[in-house]
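Numbering (UniProt numbering), first residue to last: 1 to 237.
Pasting the structure below:
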């Protein structure tokens, strides 16, 4: 009789999947991220691997444990997958992952996959709001008072959450201030969502749980050898 639970307890999905996919884009003490190989993902890194489960937060939505990974990726039967994991008949890692007990911590990491998935929903809804009837005043502000073109607004995915400048809303399980939303992307991953309020002493707030301090705004547009302008604010006239 196959002891499935014992097999799973002895296998770290992060190590197992790294043998097949190579070095992840990000690896922390909790999870690793890749472009999803199951639907040939081109943009973003929606494939998350934890100690036990793995899951695609993107298009295909596939997920499972170590056994289901071998079934999915190597086309093995359930019996064959269990036997391979039990025997240790796995390819060797190119480089050892756990080199020492006192590993140097990564200085900056994006929020976890669950947060990014929820925040993406907020960004999408805010975009719809901005270009809809409720976003008329906000769009006028961006175009007429800030001098932004439609292309400049669309490219960074600016949006709008309607409400009083003192108001906070709960959207997709996150606490969101009302105002113009400014998504914070790096490596095609969402690190945070800053919000420019219409009034108040502290005009800029952010959606709860983000890490906008972990990377510069519009980091993906920085190119070696080209001029870089650093400004104090996000919205410059």
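Where a beta carbon is used, it is the ideal one built from N, C-alpha and C, also for glycine.
Residues near residue i by beta carbon distance below 6 Å, same chain, minus five either side
{"i": "residue 44", "result": "188"}
{"i": "residue 165", "result": "197, 198, 199, 200"}
{"i": "residue 117", "result": "57"}
{"i": "residue 76", "result": "70"}
Buried versus exposed call for residue i [16 or more other C-beta atoms within 10 Å across all chains shown]
{"i": "residue 206", "result": "buried"}
{"i": "residue 213", "result": "exposed"}
{"i": "residue 147", "result": "exposed"}
{"i": "residue 181", "result": "buried"}
{"i": "residue 128", "result": "exposed"}
{"i": "residue 110", "result": "buried"}
{"i": "residue 179", "result": "buried"}
{"i": "residue 151", "result": "exposed"}
{"i": "residue 132", "result": "exposed"}
{"i": "residue 32", "result": "buried"}
{"i": "residue 113", "result": "buried"}
{"i": "residue 24", "result": "buried"}
{"i": "residue 225", "result": "exposed"}
Nearest candidate by alpha-carbon position, reference residue i, set the options
{"i": "residue 119", "options": "147, 17, 208, 130", "result": "208"}
{"i": "residue 5", "options": "15, 55, 67", "result": "67"}
{"i": "residue 81", "options": "11, 196, 18, 198", "result": "11"}
{"i": "residue 40", "options": "60, 24, 22", "result": "60"}
{"i": "residue 158", "options": "165, 174, 192", "result": "192"}
{"i": "residue 30", "options": "50, 18, 24", "result": "50"}
{"i": "residue 173", "options": "115, 222, 202, 126", "result": "115"}
{"i": "residue 108", "options": "229, 74, 142, 186", "result": "186"}
{"i": "residue 125", "options": "85, 144, 171, 149", "result": "171"}
{"i": "residue 19", "options": "142, 74, 155", "result": "74"}
{"i": "residue 79", "options": "3, 215, 229", "result": "3"}
{"i": "residue 220", "options": "143, 144, 155", "result": "155"}
{"i": "residue 121", "options": "175, 87, 26, 136", "result": "175"}
Residues of its chain near residue i, where Cβ-Cβ distance is below 7 Å and the 5 sequence neighbours each way are ignored
{"i": "residue 52", "result": "8, 13, 65"}
{"i": "residue 46", "result": "36, 56, 57, 58"}
{"i": "residue 17", "result": "49, 54, 69"}
{"i": "residue 106", "result": "Per-residue confidence for residue 106 stands at a pLDDT of 49, beneath the threshold of 50, marking its modelled position as unreliable; the derived number appears in the next sentence. Once the five neighbours on either side are set aside, the close Cβ partners of residue 106 are 28."}
{"i": "residue 163", "result": "169, 178"}
Which residues DSSP lists as bridging residue i, in chain order
{"i": "residue 171", "result": "174"}
{"i": "residue 55", "result": "48, 63"}
{"i": "residue 134", "result": "Paired residues: none, contrary to the question."}
{"i": "residue 32", "result": "27, 49"}
8 Å CB neighbourhood of residue i in its chain, flanking five on each side removed
{"i": "residue 21", "result": "34, 37"}
{"i": "residue 123", "result": "157, 159, 181, 183, 190, 193"}
{"i": "residue 139", "result": "130, 131, 153, 160"}
Uninterrupted alpha helix (DSSP H) stretches inside the stretch 147-209 (no shorter than 4 residues): 150-154
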